[in-house]
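These notes are about the structure you will find just below.
Protein chains: 2
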Amino acid sequence: MTTEPVAAEDVFSALADPTRRRLLELLSERGDATATELAGDLPVSRQAVVKHLVVLDGAGLVTARRDGRERRYQVRPDALAATARWMNQVAAQWSSRLTAIKRLAEQAEGD
Amino acid sequence: MTTEPVAAEDVFSALADPTRRRLLELLSERGDATATELAGDLPVSRQAVVKHLVVLDGAGLVTARRDGRERRYQVRPDALAATARWMNQVAAQWSSRLTAIKRLAEQAEGD
DNA sequence: TTCTCGTGCAACCCTGTGGTTGCACCAGAA
DNA sequence: TTCTGGTGCAACCACAGGGTTGCACGAGAA
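Residue numbers (the working numbering), protein chains in the order written: chain B, 1 to 111; chain E, 1001 to 1111.
Here it is as structure tokens:
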């Protein structure tokens, strides 16, 4: 289960690859799909797609389930939502740091 | 000078590296610093730090200015804020897609 | 003018990773 | 039972990227 504290490391590097972002798009549009199907819409082999899906799964962004002899992947709404919230926190943290910087700069001028 | 709109590609991969995230932290705390100074607080060489700073600059997250024979780097508040906003947009986009998925799923059940 | 010391370049090394191909395996269809 | 097609390994290849070392250059201090 990978629905807990999002790991900056994994999420950012997972999202850094264009093919993986595309995969998230495709899965979002279709609801779910197999690696073979996804490979049909991408300029890479099925195996390459599988590798990307493994990375996305590691980052908690997608999940998979067996369906007969197929393996269907789908995005994890909750994980994506959590990631979005987490990004906001990062942004907020930056903001507070920047505020602190400005304050210091102004104090320095005041001296 | 690299002051363009945030590129998913660059931002995500820039933020994917732990050392670079640490650099952003250090710069946020100090306001500004040289590569040599930053290397003093990290387990890597000055040259390694310089390379990371180049990447961060490429993503528009930091900027540098000459100060005598020194080159002082600092975070780009505006760019960071823009990135935060952009992340929110990505999150929102995901949300709408997920909503669409759920709607489709429910319709399918209804049939 | 000479000495110092931070920069900027460049050459290298090694690991990670995105991509490929080949093949064995197995569940469902015939 | 046999055939078929999607999975799951595993071996391999090429290149990007994080890290290092060495050295020339140049601005400010002495």
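Even glycine gets a Cβ: it sits at the ideal position worked out from N, Cα and C.
Predicted model only: the values in this text are computed from it and were never measured.
ask   = For the beta strand (DSSP E) that contains residue 67 (chain B), what are its first and last residues?
value = Within the first sequence, numbered from 1, the residue matching residue 67 (chain B) stands at position 67. 62-67 is the span of the beta strand (DSSP E), which, as asked, contains residue 67 (chain B).
inquiry  = Restricting to Cα atoms, I'd like to know which of B:13, B:56, B:68 is closest to residue 27 (chain B).
reply    = The sequence position of residue 27 (chain B) within the first sequence is 27, counting from 1. Ranking B:13, B:56, B:68 by Cα distance to residue 27 (chain B) puts B:56 first.
task = Could you check the C-alpha separation between residue 1081 (chain E) and residue 95 (chain B) for me, to the nearest Å?
result = Residue numbering aside, residue 1081 (chain E) sits at position 81 when the second sequence is read from its first letter. Residue numbering aside, residue 95 (chain B) sits at position 95 when the first sequence is read from its first letter. Whole-angstrom Cα-Cα distance: 7 Å.
request  = Locate the alpha helix (DSSP H) running through residue 76 (chain B), then write down its first and last residues.
outcome  = Mapped onto the first sequence, residue 76 (chain B) falls at position 76. Here residue 76 (chain B) belongs to no alpha helix (DSSP H), and DSSP marks it neither H nor E.
task = Under 8 Å between beta-carbons, which chain B residues line up against residue 1021 (chain E)? List them in chain order, please.
result = Within the second sequence, numbered from 1, the residue matching residue 1021 (chain E) stands at position 21. Going along chain B in sequence order, the residues near residue 1021 (chain E) (Cβ under 8 Å) are 8.
inquiry  = Let me make sure I understand the geometry here. Which of E:1010, E:1043, E:1032 has the alpha-carbon closest to that of residue 1071 (chain E)?
reply    = Taking the first residue of the second sequence as 1, we reach residue 1071 (chain E) at position 71. Looking at the Cα atoms, E:1032 is the closest of the given residues.
task = On a CA-only basis, which of B:59, B:29, B:38 is nearest residue 10 (chain B)? Give me that one, please.
result = Position 10 of the first sequence, counting from 1, holds the residue named residue 10 (chain B). Taking only the C-alpha atoms, the option nearest residue 10 (chain B) is B:59.
inquiry  = Need the endpoints of the alpha helix (DSSP H) that residue 1050 (chain E) sits in, please.
reply    = Numbered from 1 along the second sequence, position 50 holds the residue referred to as residue 1050 (chain E). It spans 1046-1058 - the alpha helix (DSSP H) in which residue 1050 (chain E) sits, taken as one unbroken run.
Exposed unless 16 or more other CB atoms sit within 10 angstroms - verdict on residue 54 (chain B) = Translated into the one-based positions of the first sequence, residue 54 (chain B) becomes position 54. With fewer than 16 other Cβ atoms within 10 Å, it is exposed.
request  = Go through its chain and collect everything with a Cβ distance to residue 1052 (chain E)'s Cβ below 8 Å, but skip five positions before and after it.
outcome  = Position 52 of the second sequence, counted from the start, is the residue given in the question as residue 1052 (chain E). Counting only Cβ-Cβ distances below 8 Å, and skipping sequence neighbours, we find 1017, 1019, 1020, 1023.
query = According to DSSP, which residues form a beta bridge with residue 1019 (chain E)?
reply = Locating residue 1019 (chain E) in the second sequence gives position 19, where the first residue counts as 1. In DSSP, residue 1019 (chain E) forms no bridge with anything.
message = Just verifying my parser: in three-state terms, what is the DSSP assignment at residue 84 (chain B)?
response = Indexing the first sequence from 1 puts residue 84 (chain B) at position 84. Residue 84 (chain B) falls in the helix class under three-state DSSP.
request  = In the DSSP assignment, find the unbroken alpha helix (DSSP H) run with residue 1040 (chain E) in it and report its ends.
outcome  = Taking the first residue of the second sequence as 1, we reach residue 1040 (chain E) at position 40. Start and end: 1035-1040.
request  = Please work out which residues of its chain come closer than 8 Å, Cβ to Cβ, to residue 1045 (chain E), disregarding the five sequence neighbours upstream and downstream, and give them in chain order.
outcome  = Counted from its first residue, the second sequence places residue 1045 (chain E) at position 45. Closer than 8 Å at the Cβ level, and outside the excluded window around residue 1045 (chain E), lie 1039.
inquiry  = What does the alpha-carbon distance come out to for the pair residue 69 (chain B) and residue 34 (chain B)?
reply    = Stepping through the first sequence from its first residue, residue 69 (chain B) is reached at position 69. Stepping through the first sequence from its first residue, residue 34 (chain B) is reached at position 34. Approximately 11 Å, taken between the alpha carbons.
request  = Report back the beta-carbon spacing between residue 1049 (chain E) and residue 1062 (chain E) to the nearest angstrom; my notes put them in contact at under 8 Å.
outcome  = For this step, residue 1049 (chain E) is matched to residue 49 along the second sequence. For this step, residue 1062 (chain E) is matched to residue 62 along the second sequence. At roughly 12 Å, the Cβ-Cβ gap does not stay under 8 Å, so residue 1049 (chain E) and residue 1062 (chain E) are not in contact.
ask   = Checking contacts by CB at 8 Å: is residue 112 (chain B) closer than that to chain E?
value = In this structure chain B extends from 1 to 111, so residue 112 (chain B) is not present and cannot be described.
ask   = With a CB to CB cut of under 7 Å and the five nearest residues on each side skipped, what residues in its chain are close to residue 1015 (chain E)?
value = Numbered from 1 along the second sequence, position 15 holds the residue referred to as residue 1015 (chain E). Hits under 7 Å: 1021.
query = When the cut-off is 8 Å and only beta carbons count, does residue 1018 (chain E) lie next to chain B?
reply = Residue mapping note: residue 1018 (chain E) aligns to position 18 of the second sequence, counting from 1. It does: the Cβ of residue 1018 (chain E) has a partner Cβ on chain B nearer than 8 Å.
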